[in-house]
Structures are given as structure tokens and as C-alpha cells.
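In this note's numbering, the protein residues as written are 5 to 553.
Taking it in order: structure first as C-alpha cells, then the write-up.
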Amino acid sequence: MNSLAVNPKWKGRRWPLLLVIMDGVGYGKYKEGDAVRDAKMDTLNRLTAACPHTSLKAHGTAVGLPSDEDMGNSEVGHNAIGCGRVFAQGAKLVSQSIASGAMFQGKVWKTIVDRIAGKATLHCIGLFSDGNVHSNIEHLKAILEQAAKEGIQRARIHILLDGRDVGEQSALEYVRPFEAFLASINSKGFDYRIASGGGRQYITMDRYNANWGMVERGWNTHVHGIGRQFASAEEAILTYRKEKPGIIDQDVPEFVIAEQGKPIGKIEDGDAVIYFNFRGDRALEITAAFEQDNFDKFDRGKRPNVFYAGMMEYDGDLHVPANYLVNPPSIDRTVGEYLVANKVKMLAISETQKFGHVTYFYNGNRTGKFDEKLEDYIEIPSDRVPFEQRPWMKTAEITDRVLEAIESGTYQFIRLNYPNGDMVGHTGNYQAVVCGLEGMDIQLERLRSAIEKAGGIMILTADHGNADDMFEHNKKTGEVEYKAEGVPKAKTSHSLNPVPCIIYDPEYKGEYKVTLKTGLGISSLAATCIEFLGYIPPEDYDPSVLEWN
Numbered sequence: 005m006n007s008l009a010v011n012p013k014w015k016g017r018r019w020p021l022l023l024v025i026m027d028g029v030g031y032g033k034y035k036e037g038d039a040v041r042d043a044k045m046d047t048l049n050r051l052t053a054a055c056p057h058t059s060l061k062a063h064g065t066a067v068g069l070p071s072d073e074d075m076g077n078s079e080v081g082h083n084a085i086g087c088g089r090v091f092a093q094g095a096k097l098v099s100q101s102i103a104s105g106a107m108f109q110g111k112v113w114k115t116i117v118d119r120i121a122g123k124a125t126l127h128c129i130g131l132f133s134d135g136n137v138h139s140n141i142e143h144l145k146a147i148l149e150q151a152a153k154e155g156i157q158r159a160r161i162h163i164l165l166d167g168r169d170v171g172e173q174s175a176l177e178y179v180r181p182f183e184a185f186l187a188s189i190n191s192k193g194f195d196y197r198i199a200s201g202g203g204r205q206y207i208t209m210d211r212y213n214a215n216w217g218m219v220e221r222g223w224n225t226h227v228h229g230i231g232r233q234f235a236s237a238e239e240a241i242l243t244y245r246k247e248k249p250g251i252i253d254q255d256v257p258e259f260v261i262a263e264q265g266k267p268i269g270k271i272e273d274g275d276a277v278i279y280f281n282f283r284g285d286r287a288l289e290i291t292a293a294f295e296q297d298n299f300d301k302f303d304r305g306k307r308p309n310v311f312y313a314g315m316m317e318y319d320g321d322l323h324v325p326a327n328y329l330v331n332p333p334s335i336d337r338t339v340g341e342y343l344v345a346n347k348v349k350m351l352a353i354s355e356t357q358k359f360g361h362v363t364y365f366y367n368g369n370r371t372g373k374f375d376e377k378l379e380d381y382i383e384i385p386s387d388r389v390p391f392e393q394r395p396w397m398k399t400a401e402i403t404d405r406v407l408e409a410i411e412s413g414t415y416q417f418i419r420l421n422y423p424n425g426d427m428v429g430h431t432g433n434y435q436a437v438v439c440g441l442e443g444m445d446i447q448l449e450r451l452r453s454a455i456e457k458a459g460g461i462m463i464l465t466a467d468h469g470n471a472d473d474m475f476e477h478n479k480k481t482g483e484v485e486y487k488a489e490g491v492p493k494a495k496t497s498h499s500l501n502p503v504p505c506i507i508y509d510p511e512y513k514g515e516y517k518v519t520l521k522t523g524l525g526i527s528s529l530a531a532t533c534i535e536f537l538g539y540i541p542p543e544d545y546d547p548s549v550l551e552w553n
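Spelled out as C-alpha cells, the structure:
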């Protein structure tokens, strides 16, 4: 990797440069349901009023997704922030591969067909919605249609209810049409059925080793058919909603579809399993349960001998899973690589829920460091309780460690992620979101004071919106939608709103204009950081927000 050229216009600062990613904090479109606006965030508001600032696009084509109707997410967001360019991302890559037929011409798909056609069962496990953040139900349908074309007689689908990237109680809007879709396939002599399921925050989709109990519940449900039995997925959902009023889809307990007391879709020796999520963070743990011989996270019981494939490669360095249907984007020449070549000492820090984002995703889906001597990573263990019960999360502990790092004078560049706006935002609990944001704002003031004392620069930004759009709004009128009891319908998904870019530079020396560029995306943060470290960004990086004098 070639080093970066020095920027002759840069007059230097005392260190460090601090990049603060306020996960899920955007500029809201509506007054109602904008927790960012409603929260008492004196520090953020004061810095916005006094400092150079602009807004950045953080969704859709600006982060490599198929269209501007697609909400951004933390993975593609950190990819963009860390690599300075826009790469075609998961949903788009998978859709392109299906449209071109490349997915079904590849070695992995052909192996699945050869292994099970007319002999065994194809199992598909994944997030059951069109949220386009972790998965898309249209990809699942394309797989099943192709499976039928190629003579796979029996398929079982294990559905993970969303309620997070889509409406909080929208599960039946997907289950009912999907049952009709399966019926159309089965009318031709096939046996394709939903076999098990549960909420994404209750089974299977844990990440960053936060709660392996979720994965164990999912394993027992999907593989062994252990769980409360129902005649159909619709019956399960309606029953749980009756028994647990107000329960949202992501929290629905596990269910198993059975006939005469026997599960219809246990995973057996000789079967094939496709995990159809394209995003990696919530795919790695269930993948390990299927693939690893020396596995110690829970007792798997009899581990079936299956051919397991992911939709994509979830970890490019560790090459996990061993088999996958679509190649992920090849991201190279990230900010981290360039700064290491220039001997810049760096720190990345967050709590467990977002630790992988400021490391793995920021570094272009790369596990590990570019240079052990120049990079330090700190992970603060997240609480294992529902986020609405601890909405401040680990902001104080993260800040404690960052202040120590600033005072040490060791680092030129520090990046951190505060997860509150996103993780608490996904709960739909408005009061908790406001509380979490206000807790974060207290920490922003601590950072501001430390940066002022150190003579560094702080950039406040986000990877996507969420807390800024907490109520469902009518798409035509913009009015808030209400439940029958007169309570606003909670929105638990990300927003399509832009995010802040606020520059706090207490020792400003006039090198750049205080009016920042507009119309850019969060990929421009990479070049901005490089310029604030005194270098000229690579020519093919998206432009910095800075206009130089």
C-alpha cells in the first residue's frame, strides 16, 4: 500500500482526530416521532449551532443499495465511512446474481441440487421480510422457484420474524402471501412448507457473541424440532399475540409446525441448508453451529451431516461459511490501510453491539488489524438485557476509555460508536429512546471538553437514521398512523433521513471554509478524516466535505 501525500495547506493541530458515530441519529423529516428533536440534547444542539456542519446521505444508492427506497444500515454505513467509496452491497449483489442466473450456475448451487434432488430436503433459514437489511423474501422465493425447476421435491422454510426493519407487527403480511406462493408450487406435486420460526431477537440471529442462548434456541427449533407446536405459522403468531398483548414480531418465542405431534421439518443427515441472509453479523454464530467440529457454545445434541451454505461469505478473512451462493463486494484500500502505511496510531472502540462495526465493517469486511502495533481495539461488553431497560447502554464506559486515550496522547485518530440511537430505537419504546439519546449527549459534552483541552478535532456523524423517525407515518399524507387505542404506531426500522456531519475544531486556523459541502454521502467522511490528519485523500475517494481556502 502506497502512503498518502502530505497536504501542504494543512497547518496542523494537536492530536487527536475523534470520529464519533452516533448510530441511528439522523435529521428527521417529521416533527412527530422525532426522538432526536424531542430529546434534551444541549451539547449536540450547541455544537450544531456554533460549528461547521452539513447533512450526509446514509441510505439507498449513497451506500451501495439498489434504490433510494432502501434504508441504510450499520454494516453498509460503516463500509462506506471506512472505505471512502460506494460499493454495490449485499441486497444489490444478490438481486443481480439472481437476475443474471449466476447464482444458480455456480458450484455451490449445483452441489445442493446434486446432493438432494429427489432424495433429501432443502432447508432455508433466514429473516422473513423485505426489509432488505439482512435479507429479502424475494430472494428466498427465487431460490425455491429454482429448486422446484431443478427437481428438489421437498423444502422446509424456517422463518425468523422481523418487526425491526419492517413494521413491528407485520409478520402476517409476509406469512399469508407466502403460504399462497408455496401452495402454487405444491399444486405441481412438490412438498414445500414453513417448518419453524420465531422472532429475530429471540432465536438464531445473535451477533458478536452477545447471547448464544438465542442461537441455541434457534438450533433446537430448526434442527431438532423442539419447541411449542402449532398447525401453522399463522396460528403460532396469532396465539402469541393473544397471550402476550403488544408483543412485537422480533420478540415472538420459537414455534414448531407439527402434524400428529411430530415436527414436519427437522433437519436430518443428507439434507442441505441455506441461510438466506446476505448480511454477515447475525449469520456468523448460527453458521458456526452448523460448521464447526470443535464447538463449545452449547450442546448441539446430534449434529446432522448436512451441506450448509450461506447466501454470501460472511467473513472474508476466516472464509466463513465454507460454501456460499454469492460473492460479497471486494473492498480494498480502506482508510485504515492508508493510515497504517503513514504510521498513524489509531484506536477503535465501542460496546459489543457495535464493536464489529468500527472494526470489521469499517475495515472493509476484514477481521483483524492491518498492523498490530499501530491499531488498538477496545470492546466494552454490552448488557444482556432488553435495550429499553438500559437505554443509556455503555456510553459512559466507552467515554471513560476514550478520555483516557485522549489524555494519553498516544493516538492520532480515534473512532467510536455510540449504539443508543439505533439499538434502543429498534425497540419502539419512545421514552427509552429519548432517555438513551440524552444519556449519550452527556457523554458528548465530556468528549467536547477533552478535545478542547487536547487541541484536537471532533467529527460528529452517524451511519444511518433511526431514532429520528419513531412513528409510522402515512406515505401520502405524512400524518401519524395510530393503533386502535389511539397510540401512535411505533416504527422500529431505520429511517431514510440524512445524518449529521458536525466539525468541532477549537483551534481552527482558517485552512478550510466554515461552510461545508452539501449533497454528499457518508462515504465522504473517509476523505474528510484523511484531510484532517494532514494528508491528501486518494483520487478515487468520494470528495471530502471540506472546501479548502
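Just so it is clear, CB atoms sit at the ideal spot from N, CA and C, and this is done for glycine as well.
It should be emphasised that the depicted structure is a prediction, and the values quoted were computed from it without experimental measurement.
Secondary structure of residue i, DSSP reduced to three states
i: tyrosine 486; result: strand
i: glutamine 357; result: helix
i: asparagine 224; result: helix
i: asparagine 531; result: Per the sequence shown, the amino acid found at residue 531 is alanine instead of asparagine. In this structure, alanine 531 counts as helix in the three-state DSSP scheme.
i: alanine 276; result: strand
i: serine 7; result: coil
i: methionine 45; result: coil
i: glycine 130; result: strand
i: phenylalanine 311; result: strand
i: tyrosine 212; result: coil
i: tryptophan 396; result: coil
i: tryptophan 14; result: coil
i: isoleucine 540; result: coil
i: serine 548; result: coil
i: aspartate 612; result: The requested residue 612 does not occur in the structure, where the chain is confined to residues 5 to 553.
i: glycine 440; result: helix
Contact check, residue i vs residue j, beta carbons under 7 Å
i: tyrosine 312; j: phenylalanine 294; result: yes
i: alanine 326; j: arginine 119; result: no
i: alanine 531; j: glycine 28; result: no
i: threonine 399; j: glutamine 447; result: yes
i: alanine 454; j: isoleucine 410; result: yes
i: glycine 222; j: aspartate 285; result: no
i: serine 133; j: valine 80; result: no
i: glutamate 355; j: serine 386; result: yes
i: phenylalanine 91; j: glycine 68; result: yes
i: serine 528; j: proline 547; result: yes
i: leucine 126; j: alanine 152; result: no
i: lysine 96; j: proline 70; result: yes
i: glycine 269; j: alanine 345; result: no
i: methionine 26; j: tyrosine 422; result: yes
i: aspartate 253; j: leucine 176; result: no
i: glycine 229; j: valine 260; result: yes
Which residues DSSP lists as bridging residue i, in chain order
i: glutamate 379; result: Met350
i: aspartate 319; result: Val324
i: valine 330; result: Met316
i: asparagine 421; result: Ile25
i: alanine 494; result: Phe475
i: histidine 57; result: Ile506
i: glutamine 233; result: Val260
i: proline 267; result: Ala262
i: serine 200; result: His162 and Val260
i: threonine 52; result: According to DSSP, threonine 52 bridges with nothing at all.
i: tyrosine 516; result: Trp552
CA-to-CA distance, residue j to residue i, given in whole angstroms
i: serine 78; j: glutamate 272; result: 35 Å
i: methionine 218; j: isoleucine 207; result: 4 Å
i: arginine 204; j: asparagine 215; result: 12 Å
i: valine 298; j: asparagine 224; result: One detail in the question is off: residue 298 reads as asparagine in this sequence, not valine. Their backbone Cα atoms lie some 18 Å apart in a straight line.
i: threonine 371; j: glutamate 379; result: 13 Å
i: aspartate 255; j: histidine 477; result: 23 Å
i: isoleucine 278; j: glutamate 149; result: 14 Å
i: methionine 107; j: glutamate 142; result: 14 Å
i: aspartate 72; j: threonine 65; result: 6 Å
i: arginine 419; j: arginine 450; result: 15 Å
i: tyrosine 516; j: valine 437; result: 36 Å
i: valine 389; j: valine 324; result: 29 Å
i: glutamine 636; j: proline 257; result: For the chain, the structure presents residues 5 to 553; residue 636 sits outside this window and is missing.
i: isoleucine 129; j: histidine 430; result: 22 Å
i: cysteine 439; j: leucine 322; result: 39 Å
i: glycine 30; j: lysine 306; result: 47 Å
i: isoleucine 156; j: valine 117; result: 7 Å
i: proline 463; j: methionine 315; result: The sequence shown places isoleucine at residue 463, not proline. Spanning the two alpha carbons is a distance of roughly 35 Å.
i: leucine 500; j: histidine 468; result: 8 Å
Residue i: CB within 6 Å of a non-hydrogen atom of the ligand COA
i: alanine 262; result: The ligand COA is not among the ligands present in this structure, which contains no ligands whatsoever.
Report the start-end ranges of each alpha helix (DSSP H) in the region 158 to 191 that is 4 residues or longer and not cut off at the edges. 175 to 190
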